[in-house]
Amino acid sequence: MTDRPDRPANDERERELRRERLFERMDPGPVTIDREPVGGPIPQLTDEELREAGLDR
Numbered sequence: 001m002t003d004r005p006d007r008p009a010n011d012e013r014e015r016e017l018r019r020e021r022l023f024e025r026m027d028p029g030p031v032t033i034d035r036e037p038v039g040g041p042i043p044q045l046t047d048e049e050l051r052e053a054g055l056d057r
């Protein structure tokens, strides 16, 4: 007897399990941002600058 499954259902289940394991390895986990963006902090526009740009708060 061989270790190879003879039934297509077993092949299908094995492919499904391999696919699940692949996606588990690809999952990066929770994403956290714990530092400033590259280039420094994001500048905040003043109310006057927003009005000049045509964007009111």
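Position 26, counted from 1, in the sequence shown is what the UniProt record's numbering calls 26; the numbers after and before it change by one each time, with no gaps.
No residue lacks a Cβ here, since even glycine has one placed at the ideal position from N, Cα and C.
These numbers come from a predicted model, not from an experiment.
Taking the alpha helix (DSSP H) that L50 belongs to, which residues open and close that run? As a first step, residue 50 must be located in the sequence shown, where it is residue number 50. In the DSSP annotation of this structure, the continuous segment of the alpha helix (DSSP H) that includes L50 starts and ends at 47-52.
Coil, strand or helix - D11 by DSSP: Numbered from 1 along the sequence shown, position 11 holds the residue referred to as residue 11. In this structure, D11 counts as helix in the three-state DSSP scheme.
C-alpha distance - D11 paired with E24, whole-angstrom precision: Position 11 of the sequence shown, counted from the first residue, corresponds to residue 11. Position 24 of the sequence shown, counted from the first residue, corresponds to residue 24. Between the alpha carbons of D11 and E24 lies a gap of roughly 20 Å.
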